[in-house]
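Accompanying notes for the structure given below.
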Amino acid sequence: MSDATSQRPLAAPDSGLICGWRFFQHSSQPAQPVTADEAAAWLAAHDAATAAADPADAGADAGEAAPGKEFLWLHFNLSNALSQRWLARYAALPDTFFEALQEGLTSTRIERADDWLVAVLNDVNFEFNFESADLATLWIGVNDRLVVSARSKPLRSVDELRAAVRSGDNPATTAELLEHLMRTQADVLVRVVRETTARVDQIEDAILARRYEHPRAQLGKLRRLLVRLQRLLAPEPAALFRLLQHPPGWMSDDDRQGLAAASEEFSLMLRDMMTLQDRIRFLQEEVAAALNEDNGNSLFVLTVVTVLALPINILAGLFGMNVGGIPLAQDEHGFWIVVFIVFAFTAIAAWLAFRRKRRDK
1 MSDATSQRPL
11 AAPDSGLICG
21 WRFFQHSSQP
31 AQPVTADEAA
41 AWLAAHDAAT
51 AAADPADAGA
61 DAGEAAPGKE
71 FLWLHFNLSN
81 ALSQRWLARY
91 AALPDTFFEA
101 LQEGLTSTRI
111 ERADDWLVAV
121 LNDVNFEFNF
131 ESADLATLWI
141 GVNDRLVVSA
151 RSKPLRSVDE
161 LRAAVRSGDN
171 PATTAELLEH
181 LMRTQADVLV
191 RVVRETTARV
201 DQIEDAILAR
211 RYEHPRAQLG
221 KLRRLLVRLQ
231 RLLAPEPAAL
241 FRLLQHPPGW
251 MSDDDRQGLA
261 AASEEFSLML
271 RDMMTLQDRI
281 RFLQEEVAAA
291 LNEDNGNSLF
301 VLTVVTVLAL
311 PINILAGLFG
321 MNVGGIPLAQ
331 DEHGFWIVVF
341 IVFAFTAIAA
351 WLAFRRKRRD
361 K
């Protein structure tokens, strides 16, 4: 082992590393899991091989870790306080990566920092549900030999990528691994949109069948979820455009095209989300119109009842006064005359009310 490797201390067993994989480029050999100590030794050997004028002088370990032959993927849990310390000590990540860690939940972006790519990807939690709609952030640093990902909460996309690697998925380059992660995240979000669409379909069927209960609250919750997902998941187009126009020197044209294709998948998914938002808004407007119509019908019924009761109330008030000179008081048919007058005025009032209702329709 080289001097550089022996001078660099081994990583602590509790380094916050969730999983580590060693990939072999342009080889059918499957990825191998690595520990934090093995990753630290590999990185030290790679540094020695890169710094040596003649890679053969750096020893056998350095030769094995020569650039273009292998790369690592290290996935860390930021809830462990030792994670950032390990990354700062062994991974040689740019300052931009650690600055991004301090920003918290921000919009998705991929940008270049010298010879590194720094990506901030927002994703749904592993235990995602529509009630809480929790999101979490994945921070990624990528160069030609190393992919570092870090998160505070479990993420579905990372878990699915780990399962794919265990099943034999073997990305050829670090950029391809980043592309796989972006595509996996897009697949997860497509499922979220599909589940949201199914819920909207159920609400729409209930609205058409006039058997809905509080649809405005349910639609509003789904729309807020989609707006939040779109705001946090949409990649910043300017940063991505600059990256694709001026990629790092180690990124091949195939890698650049792969990232562009993955970004296009994100764009298609986001357009689907916008279409679903418009559909929810139209349903909200339809529900609001239906509620206004119901309120109008209720108000009309109250108006008709009031109008129908108005003549009899007026006559009852007049004839109920204990004063002299009340008409028809001495007439033997006075009661029936008053009843006829009440029914006549009531019929006229009802005819006028329903005539206005038909004219409004």
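Just so you know, this note's numbering puts 202 at position 202 of the sequence shown, and the rest follows in order with no gaps.
C-beta: ideal position from N, C-alpha, C; glycine also.
Bounding residues of the beta strand (DSSP E) (the contiguous stretch that carries residue i)
i: Gly-141; result: 135 to 142
i: Ala-164; result: No beta strand (DSSP E) contains Ala-164, which is instead part of the alpha helix (DSSP H) from 156 to 166.
i: Leu-72; result: 70 to 77
i: Arg-112; result: 109 to 113
i: Leu-82; result: Here Leu-82 belongs to no beta strand (DSSP E); instead the alpha helix (DSSP H) covers 82 to 86.
i: Leu-146; result: 146 to 151
i: Asn-170; result: No beta strand (DSSP E) holds Asn-170; DSSP gives it neither H nor E.
i: Leu-121; result: 116 to 124
Cutoff 6 Å; reference residue i; Cβ partners in own chain excluding five residues on either side
i: Asn-122; result: Thr-108, Leu-135, Thr-137, Leu-232, Leu-233
i: Thr-96; result: Ala-113, Val-118
i: Val-304; result: Ala-353
i: Ala-158; result: Sequence inspection shows Val at residue 158; the Ala mentioned does not correspond to that position. Taken in chain order, the list of residues that qualify is empty.
Under the three-state DSSP convention, the category residue i falls into
i: His-46; result: helix
i: Glu-293; result: helix
i: Gly-20; result: strand
i: Gln-32; result: strand
i: Leu-283; result: helix
i: Asn-313; result: helix
i: Arg-355; result: helix
i: Ile-337; result: helix
i: Ala-288; result: helix
i: Ser-15; result: coil
i: Ile-348; result: helix
i: Gln-185; result: helix
i: Ser-27; result: coil
i: Leu-328; result: coil
i: Thr-106; result: coil
i: Met-274; result: helix
i: Ala-40; result: helix
i: Ala-198; result: helix
i: Ala-92; result: coil
Residue range of the alpha helix (DSSP H) that includes residue i
i: Glu-99; result: 95 to 101
Nonlocal neighbours in the same chain, by C-beta distance under 8 Å from residue i, ignoring five residues either side
i: His-180; result: Leu-161, Ala-164, Asp-169, Pro-171
i: Gly-68; result: Reliability of the predicted coordinates at Gly-68 is poor, the pLDDT of 47 falling under 50, and the value obtained from them is presented with this limitation in mind. Closer than 8 Å at the Cβ level, and outside the excluded window around Gly-68, lie Gln-25, Asp-144.
i: Arg-191; result: none
i: Pro-94; result: Ala-113, Asp-114, Trp-116, Val-118, Gly-141
i: Leu-276; result: Val-193, Thr-196, Thr-197, Val-200, Leu-226
i: Ile-337; result: Leu-328, Asp-331
Cutoff 7 Å; reference residue i; Cβ partners in own chain excluding five residues on either side
i: Asp-57; result: A caution first: Asp-57 carries a pLDDT of 45, below 50, which makes its placement in the model too unreliable to give a value.
i: Val-124; result: Leu-135, Arg-156, Val-188, Val-192
i: Gly-334; result: Leu-328
beta-carbon residue i near the ligand SAH non-hydrogen atom, thresh 7 Å
i: Arg-199; result: The ligand SAH is absent from the structure shown, which contains no ligand whatsoever.
Inside the region 203 to 272 only - beta strand (DSSP E) runs reaching at least 3 residues | none
If we count Cβ pairs, one from each stretch, closer than 8 Å, do we get three or more for the region 168 to 177 versus the region 137 to 148?
-> yes
Contact between the region 185 to 194 and the region 265 to 273 (3+ Cβ pairs under 8 Å) | yes
Cβ pair count under 8 Å reaching 3, the region 215 to 227 against the region 257 to 267 | no
Count the CB pairs spanning the region 69 to 80 and the region 15 to 22 that are closer than 8 Å, and state whether there are at least three.
-> Three or more pairs of CB atoms, one per stretch, sit closer than 8 Å, so the region 69 to 80 contacts the region 15 to 22.
Do the region 310 to 322 and the region 285 to 297 touch if we need at least three Cβ pairs shorter than 8 Å?
-> no
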